[in-house]
Structure formats: structure tokens, C-alpha cells
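Residue numbers (this note's numbering): 28 to 820.
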């Protein structure tokens, strides 16, 4: 009997009595809710496969969301559940890699981390503290997915049809999968560091230098590189968002442009939906996998987007170890033993046999012990490092997005964020009344500058802040724990009153630098360093601070004007450094002459017809890392204008620049492309072999329309294969009826390769053609495609 068959045997009974699936532990619904109308959900589709889902209550709504999502992405959900169960090695082998959060890891590492981290009882307690509405949404999602498996047994896409790893979802597994999403910017990013943590052997005790010397011996650039590799600093993933208020818009209502830059593969792909519960909310937009509500979108009165914020989601704690036992550390002068947990992972061998692999993992009162030698985070006889995570057990985000769905103004959004449910994002919003909002009311440990000074670790560990933004506290003092302010919605996290937020009637923006540059006239004080600082690190932030005022200078803002500005694809860094390079080309080496000619003719954009953009991409990926490469270094007093130019008058710098240009030209021609090939011939999607031209540029180039290849391998014989960047991009304004929204989901609704909704929107994106979203009921009816599906749970 297959897993589907086993589930089918009990499914009809479950649907009849409208109870949740095994393991949810909730009481039956009230008898009034058991009527067919209350158990029904309708799913209508319009062009591009966008579902419009309506139900009388939240549980039925979520039931329909899960069913519709599975219609498009069932194999992806099944894969996510394999990860959440810690069974990847069992089915796919231990050395095979899979995307875990934002980066690939070997399955055995993933499974070991999941087994060590997950505590189903603790997750259940966290979720029981969520609202009844949030719990109903989770129950509905689980049941809706399981219903889809029953209805489609033996008819799933080829990638997962008949596979033993496709199983019904339990409520515990839903919580686990949600947890992995929430910790992916903190503890999840250190999954391999958790697995790597093993006590030193006696030989290592006596033979190694101490931890301070180890940290001091590691180059700061190497530390930053290590954290970049795991996505903690300089992550390519991010977003742009602009919100305009009544002072600058054409009709006095707010205008929003949201432009997330997220992966084009895996669980962080967005999926569009329109959700209606009559008398409760009517909301449209997009969510990542397993989302039971719109996460980025709009309703009749408010439109919002999110950008990844600079806030820290964890602190590191430097432990002073007992001289006789490296698994014992000192707290307030007293010895305290680490706890350990032995986990076992079943690993499939190449011959199909399965073996058990066990490992002991270690933890402290602060959290799990981690080891990352490149970052100076070692465990030796004297010192170890523990990570305390702020998003572990966060079951609040569903209630936050539920408040967003119901909001009638930006002030309602602010009230909805008081529970500190948003894990790692800023919120940028515009409302119908004409106000623009920026808020970083996300999850950040309550540690301020005085706390950092009072709880400073060893000098080398403290230096990790400047090297890679790693805040390390003294782990030998109990009073170095996070402050627990009773004014916080979650004591231990910074209360919203001490987090940055700003409402204006002109404009706000964010491109993944801190709150400090939300608007040039904004003034900030008394914000924790863990939230962000006043340094501009992103070229896209500089672009935004140039492009937004330029847009306003041309007249009153409309959604269409904002759309055009985003897709102008101007390459900021090319404009700032090429004049010096091209001036030096006159006397440059022969090997660079052809490249110089192409770059001289290039129009400095990343449009599909731009000739030379790919050459500059390859050149700048190397040249931007040359020490002292800029003619004008970064100046905090001029953060938009600097750094700029190239120090071509410095022979040593110039030599490295020429080497970078020659290497870039060779790489392009070796891949089989002309130096002046149109960008559209080079940039193609990773998930399809269709020759669809992609416009946009790399984060480091300052192209607002950011797209790229995560591994940064650059051009090959297959071109530059794009696997992240502009994903669900939306522009929203308001008229007398409500929202007027246009959007593109670049990679389409479905991961099923035979679906018509894999590349349909990518083709629209290639043409810079936006899709008008049918939000109002008459528009949905007029544009409906196919039959209406009605489900009864």
C-alpha cells in the first residue's frame, strides 16, 4: 500500500467530520461551522494561472490555498517536507546537495541539523500562543494539501509521482517547515557550523594556540568572505521598495513599487494569489511556499512590500571553558555543563542500502555551539562560541500578515507589527490616504550600545563586528543575556518603540541598507547597532537615492512612471568607473584594446539589447575587489557620490585593473560569446532551456532591477544562468474604486515543467510588459479562465 493509499483509507472520515489531520490536537469546530457553506472554498483562475480563492472562514480559505498551491507546485512541497522531516539522506543520499534556505548544503548536514534543532513540543507551545485565526490557517493548509494528494494519487508530476518520499503532511511538519523559513537568516545559515562543532581532543588541547591567537591570525577579509558564503553579509538576496505619498503623487493617493530579489528556485519562490473572506478581508499579492496569507501585496486601502533588513537575528556568545573539560563553561564564576543531543540520520548509500549515522551535538544556555574556522569561530581547550537565535519558535508571523490583510491604513500596519512577528524584513507601504511608510519592526535581540560595551568579549572576538557584522557577547556572565523590556511584545526582543519607523507624505525607499537612508531628511537616534548603522554598503541604495529624486523631478508620480524608472536598468557603477578606465585605455595594454572598444560603445544599461553589459559584469566582479581601486574612497559625508572612479594613476592598481579586464574578455570569448553580444543573448533563466532574454544586472553593479547567478560563476557556454533576483514585482496605486495594480512574477506560478505557467510571465518580463491584476469582482469574473473549482473540506 502506498502512502497515498494509506491516507485515503481515513481521509473521507476526516473530511466528513471536518477535523484536522492526525497530530493537530485541536478541538472540533463549532457545529454552526460544520455546514457545507462554511466548509466550502472556491478557486477561480485568471490569466497566468493566478488563483482567486474565497471562503467563509480562514480554515476553509487556507484549505483552498494549499490545494491550489499544490496544483502548481506539489513536488516542491513534498521536497520541503522531506527536509522538514530530516529525511533527505534517506531518499537522496547523504552527499547530494540541496538548497537549504539560501544556499546548497549536503543532505547529511541538513538532516543532522534538522534533527538537532527541531523540538516539536516546543513548536506546539509556540503555536498555541498564536491566535485562533492563525491556528485555523495552519490546520486548513495541512488538510488542503493532504486532500490534493488524495484527489491526485498516481497523477502527480513526473518529478514526484509514485515516489515513496511523497507523504501526507502533519501539523508538526507544517510548523517545522515554517520554522526553517524563519531561521534561514540566522541559525539556519549556520547549519553546517552547528554540525561541525565537536569538542577538541586532548591532543588538540595541548597542541594548539589559544582561541584569541586563532581569531587574531585570521584575516578580516577572510572572515567577511566566510560570512558572505553563508549569506550573513553581502547577501545577493534582497529587494527594492519605494513608497510615495500625496505630496508627490498624481492623484493624492499613495503609490508603491515593490521589487523583491529572491531565489528563482526552491522554497523561497513567490506564488501569486487573491484571497477573500467576505466581511473580513480582500487581499491580493504573493507569498513564499507554504504561505497561508499574502506576504507582499495590497488590499482595498493599503499596499506594502518587504525588503531584507540589516537587523541582526542572533548574537554570538564567547564561552570560557573549564581547563579540565571543554564541554564545561563558566557562568558567573561557576562551572556549567553543556548539554548534548545524539541524533541519528539514515543515509542511503550508492548501492541502495541504508545505514544509520549518529552524531552528538552540543549546546549551552545561550544556544548551540558552532564552529566556522574561517570566521575565527573555533572550539578549543579554552574557548567556544554559542549562537542565540531570536527567530527560533517565532509563531507570530501569521498573525502579522493577517493584520496586514485586514489593514485600512499604514497606521493599521504599524499596529499589526507590534507583535514582532516579521522575522527579517523591513516594511515599505503606501495607503489610499496618501501616506508613505517605512518600518523595520522586525525581530532583533534587545542589545544596545551600552550592553555591547559592558559585555564585550575578548578583543579578537570583538573585532568580528567590524570584519563581518558579527556581534559577540561575553558568554561567562549571566547578566549579558538580552534585555527583557516589559514594553516589548516579546521580552528579549527590541520593542517597536525603540525600532525605526517613519511615516511621510513625500517618499521613502529601501534597498537593503539600514533605516538611516530611508529618506535624506530623516533623523535617527538611539537605535541599537544591531538594527543597522549609517554606512551605505549597497550600490543599489545609491541608485535609489539618485533615481527616486530624478523621478520626482520629472513630475507627479504614477505607478506607470515608477515601473518605467525601475526597468531603465541603468548601471550605476559603470557610470562611475568607466570614464577613468576608458581614458586610460588610450595607453593601455594591447590585450585590453578590444574590450575597451566595446565598453566605450556600450550604453551603460543592462537592457537586453545592451552590447557590452556582460563584459562589464565579468570585469567588475573582479575589479571591485581590488584593494584601493577607487580614485575617491567612500566618504560618509558623500555616501551617494562615493566611492567612485578608478585609481589608474597608481601603477599597481592599474596593473590589476588591466588584468581583470583581460581576464573578463578571455572568459567571455572562451564561453563562445562575442564581447559585444547583446545581453539578451547571454542572460537566460536557470529553470528553462527556452531562449528567453533577461534584462537586469548584478547587485554590485548598482542596477536596481537586480538579477544574477547565486554562485557567481559567471559566464559559461550556456551564458549567465539567472537563478535569483527580481521575482514578484508590483506597482500599486489607488483610484475611486480601490487598488490599481500591475505585477510580474518573473518565473511564473508553477515548477511543473509541463505547465503553461512556467515561463509565461518571464516572457512578459523580457518585454517589460506588466500584467494588470484583476482585483475587483467584475474584473475577476470577466477574466476567469476555466471552470470554478469548489472544494468541501
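For every residue, glycine included, the Cβ atom is placed at its ideal position computed from N, Cα and C.
Taking the beta carbon of residue i as the centre, do at least 16 other beta carbons fall within 10 Å, making it buried, or is it exposed?
i           : result
residue 562 : exposed
residue 197 : buried
residue 802 : buried
residue 54  : Legend: pLDDT at residue 54 = 39, less than 50; position of this residue unreliable, value from coordinates given subsequently. Exposed: under 16 other Cβ atoms inside 10 Å.
residue 779 : buried
residue 48  : Interpretation of residue 48 is limited by its pLDDT of 36, a score under 50 that renders its predicted location unreliable; no figure is taken from the coordinates.
residue 322 : buried
residue 740 : exposed
residue 155 : exposed
residue 776 : buried
residue 52  : In this prediction, residue 52 scores a pLDDT of 36, lower than 50, which makes its location untrustworthy; no coordinate-derived value is stated.
residue 40  : The pLDDT assigned to residue 40 is 34, lower than 50, so where the model puts this residue is not dependable, and the model offers no usable value.
residue 68  : buried
residue 596 : buried
Using CA coordinates, which residue listed in the options is at the minimum distance from residue i?
i           : options               : result
residue 693 : 542, 744 and 664      : 744
residue 165 : 418, 320 and 659      : 320
residue 750 : 806, 292 and 471      : 292
residue 149 : 421, 575 and 352      : 421
residue 131 : 216, 158, 399 and 87  : 216
residue 189 : 102, 65 and 593       : 102
residue 688 : 477, 229 and 622      : 622
residue 576 : 592, 191 and 503      : 592
residue 556 : 452, 493, 602 and 70  : 493
residue 818 : 171, 158, 84 and 111  : 171
residue 424 : 361, 477 and 314      : 314
residue 500 : 475, 512, 725 and 523 : 475
residue 348 : 409, 179, 660 and 157 : 409
To the nearest angstrom, report how far apart residue i and residue j are at their CA atoms.
i           : j           : result
residue 606 : residue 469 : 41 Å
residue 104 : residue 128 : 14 Å
residue 428 : residue 310 : 11 Å
residue 118 : residue 506 : 45 Å
residue 382 : residue 136 : 15 Å
residue 43  : residue 73  : With a pLDDT of only 35 at residue 43, under 50, the local geometry of the prediction cannot be trusted, and the value read off the model is given with reservation. Their backbone Cα atoms lie some 30 Å apart in a straight line.
residue 344 : residue 370 : 24 Å
residue 113 : residue 142 : 6 Å
residue 640 : residue 282 : 31 Å
residue 588 : residue 767 : 14 Å
residue 811 : residue 176 : 25 Å
residue 455 : residue 728 : 24 Å
residue 235 : residue 225 : Residue confidence for residue 235 is low, a pLDDT of 44 falling below 50, so the modelled location carries little weight and cannot support an answer.
residue 491 : residue 404 : 10 Å
residue 325 : residue 495 : 36 Å
residue 204 : residue 107 : 7 Å
residue 317 : residue 445 : 23 Å
residue 808 : residue 327 : 18 Å
residue 372 : residue 219 : 15 Å
residue 161 : residue 723 : 38 Å
residue 401 : residue 89  : 44 Å
residue 480 : residue 503 : 15 Å
residue 413 : residue 698 : 45 Å
residue 754 : residue 397 : 33 Å
Quick one: does residue i have its CB under 7 Å from some CB of chain C?
i           : result
residue 142 : Absence of chain C from the displayed structure is noted, only one protein chain being present.
Are at least three pairs of beta-carbons, each pair with one atom in the stretch 510-519 and one in the stretch 244-260, less than 8 Å apart?
Contact between the stretch 510-519 and the stretch 244-260 is not established, with fewer than three Cβ pairs separated by less than 8 Å.
I want to know whether the stretch 335-351 touches the stretch 206-213 - three or more CB-CB distances under 8 Å.
As far as the Cβ criterion goes, the stretch 335-351 touches the stretch 206-213, which means the pair count is three or higher.
Ranges of the beta strand (DSSP E) found wholly within the stretch 127-202, counting only runs of at least 3
Within the stretch 127-202, the complete beta strand (DSSP E) runs of at least 3 residues are 130-133.
Check whether the stretch 612-632 and the stretch 774-789 are in contact - that is, three or more C-beta pairs closer than 8 Å.
Cβ pair count under 8 Å is below three, so no.
So does the stretch 262-271 actually touch the stretch 317-337, counting three or more Cβ pairs closer than 8 Å?
Result yes; three or more Cβ-Cβ pairs closer than 8 Å.
Threshold first: 3 residues or longer. Then list the beta strand (DSSP E) segments lying entirely within the stretch 339-415, N to C.
Every unbroken stretch of the beta strand (DSSP E) spanning 3 or more residues and falling wholly within the stretch 339-415 is given here in chain order: 341-349, 352-358, 361-364, 366-375, 381-391 and 394-397.
With a floor of 4 residues, list each alpha helix (DSSP H) that falls wholly inside the stretch 540-590, ordered by position along the chain.
Counting whole runs of 4 or more residues, the stretch 540-590 contains the alpha helix (DSSP H) stretches 566-580.
Entirely within the stretch 470-513 and at least 3 residues each: give me those beta strand (DSSP E) ranges in chain order.
DSSP runs (the beta strand (DSSP E)) wholly in the stretch 470-513: 499-501.
The stretch 545-552 / the stretch 708-716 touching (three or more Cβ pairs under 8 Å)
Cβ pair count under 8 Å is below three, so no.
Touch test, the stretch 90-100 against the stretch 350-367, Cβ-Cβ under 8 Å, three pairs minimum:
In the pairwise beta carbon analysis, the stretch 90-100 is classified as not touching the stretch 350-367: fewer than three pairs are separated by under 8 Å.
May I ask you to verify whether the stretch 663-683 touches the stretch 617-627, counting CB pairs closer than 8 Å and requiring at least 3?
In short, these stretches do not touch, since the Cβ pair count stays below three.
Cβ contact check for the stretch 76-83 and the stretch 294-301: 3 or more pairs under 8 Å:
The answer is yes - the stretch 294-301 touches the stretch 76-83, with three or more Cβ pairs under 8 Å.
Just to confirm the assignment: which complete beta strand (DSSP E) runs, minimum length 3, are found wholly within the stretch 591-668?
The qualifying runs are 657-659.
Mind pulling the alpha helix (DSSP H) runs of 4 or more residues that sit fully within the stretch 727-792?
Fully enclosed alpha helix (DSSP H) runs of 4 or longer: not present.
Contact between the stretch 484-501 and the stretch 528-546 is defined here as three or more beta-carbon pairs at a separation below 8 Å; is this criterion met?
The stretch 484-501, when compared against the stretch 528-546, does not touch it at the 8 Å Cβ threshold.
Which runs of the beta strand (DSSP E) spanning at least 3 residues fall entirely within the stretch 445-469, listed in chain order?
Runs of the beta strand (DSSP E) lying entirely within the stretch 445-469 and spanning at least 3 residues, in chain order: 452-458 and 463-466.
Does the stretch 676-688 come into contact with the stretch 651-661, if we say contact requires no fewer than three beta-carbon pairs (one atom in each stretch) closer than 8 Å?
Verdict: yes, contact present.
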